[in-house]
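If you use our numbering, the sequence shown corresponds to residues 1 to 158, in order. Ideal placement from N, C-alpha and C gives every residue a C-beta, glycine not left out. As the structure is a computational prediction, the values presented were derived from the model and not from experiment. Let me begin by presenting the structure, written as structure tokens, before commenting on it.
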Amino acid sequence: EVTNLEHALGTLLAAIIDAPEDFGHIIYLTPKAAIARLEVLENLSEYLLVKESELGKLLQSIIKRAKSIIGKRHRIVHGCWGISEGAVSVYNVPPKEDEGPEVYTLEKLQRVVSDIRDLVEEVAEMVKSQRIYHHSARKKAAEQGDKEMAHKPSWRAE
Numbered sequence: 001e002v003t004n005l006e007h008a009l010g011t012l013l014a015a016i017i018d019a020p021e022d023f024g025h026i027i028y029l030t031p032k033a034a035i036a037r038l039e040v041l042e043n044l045s046e047y048l049l050v051k052e053s054e055l056g057k058l059l060q061s062i063i064k065r066a067k068s069i070i071g072k073r074h075r076i077v078h079g080c081w082g083i084s085e086g087a088v089s090v091y092n093v094p095p096k097e098d099e100g101p102e103v104y105t106l107e108k109l110q111r112v113v114s115d116i117r118d119l120v121e122e123v124a125e126m127v128k129s130q131r132i133y134h135h136s137a138r139k140k141a142a143e144q145g146d147k148e149m150a151h152k153p154s155w156r157a158e
């Protein structure tokens, strides 16, 4: 599931910079750490998008949710796993000795998967809107006779 999210975020990066999908994946997936990849997207968005614009706020929300989901995934995957009385248990070791471990029930794990899928769908909608926006900008440039800008990514127009 997280691989699907990472793929979607690489596609989103490509849509934001108006580049081919493979190019977005190359850039996005180059850093080895998941949080570093999100920081690439975050830094790019700060450069290309107005932070308080609707699109900027939406992207910041997506990045924040992705960081949270990836953090949960890391805690689950790198947490403590055990088998007791024939049952497999996954739990997070608490940061303080006086706290009990957080057990990841099947319901909690299903919620994480559901959250990932919801975010992938939201990212797909943002990709679609970005592709439409860039296509419209190139079409408008072509209609106005600006052949050079009709073939450039729309963010290079500024």
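Straight-line CA distance for Glu54 to Lys128?
Roughly 15 Å between the two C-alpha positions.
For Leu160 and Ser136, I'd like the C-alpha separation in whole angstroms.
The question about residue 160 has no answer here: the residues shown for the chain are numbered 1 through 158.
How is Tyr91 classed by DSSP in three states: helix, strand or coil?
In the three-state scheme derived from DSSP, where H, G and I count as helix and E and B as strand, Tyr91 is classed as strand.
For Gly10, I'd like the list of residues in its chain whose CB is within less than 7 Å of its CB, leaving aside the five on either flank, ordered along the chain.
Excluding sequence neighbours, Gly10 sits near Gly24, His25, Tyr28, Leu29.
Run the CB neighbour count on Val77, radius 10 Å, all protein chains shown included, and call it buried at 16 or more, exposed below.
Under a 10 Å Cβ-count criterion, Val77 is classified as exposed, with fewer than 16 other Cβ atoms of the shown protein chains found around its own Cβ.
Would you mind sorting Val123 into buried or exposed? The rule is 16 or more other CB atoms within 10 Å of its CB.
Buried, since its Cβ has 16 or more Cβ neighbours within 10 Å.
Can you tell which of Trp81, Gln144, Arg117 has the C-alpha that lies nearest to the C-alpha of Ala66?
Taking only the C-alpha atoms, the option nearest Ala66 is Arg117.
What is the DSSP secondary structure of Glu122, reduced to helix, strand or coil?
In the structure shown, Glu122 sits in a helix (DSSP, three-state: H, G or I).
Once the 5 residues before and after Arg37 are set aside, which same chain residues still bring their CB inside 6 Å of it?
Hits under 6 Å: Tyr28, Pro31.
Taking its Cβ as the centre, do 16 or more other Cβ atoms sit within 10 Å of Tyr104, making it buried, or is it exposed?
Buried, because 16 or more other Cβ atoms sit within 10 Å of the Cβ of Tyr104.
So who's on the other strand from Val103, going by DSSP bridges?
DSSP lists Tyr91 as partners of Val103.
Is the CB-CB distance between Ile16 and Ser45 below 8 Å?
Yes, these two residues count as a Cβ contact at 8 Å.
From Trp81 to Val90, what does the alpha carbon distance come to, in whole angstroms?
The straight-line gap from Cα to Cα measures roughly 5 Å.
Just to confirm before moving on: does the CB-CB distance between Ile63 and Met126 stay below 8 Å?
With a cutoff of 8 Å on beta-carbon distance, Ile63 and Met126 are scored as not near each other.
In angstroms, rounded to a whole number, what distance separates the CA positions of Arg73 and Glu102?
Cα to Cα, Arg73 sits roughly 14 Å from Glu102.
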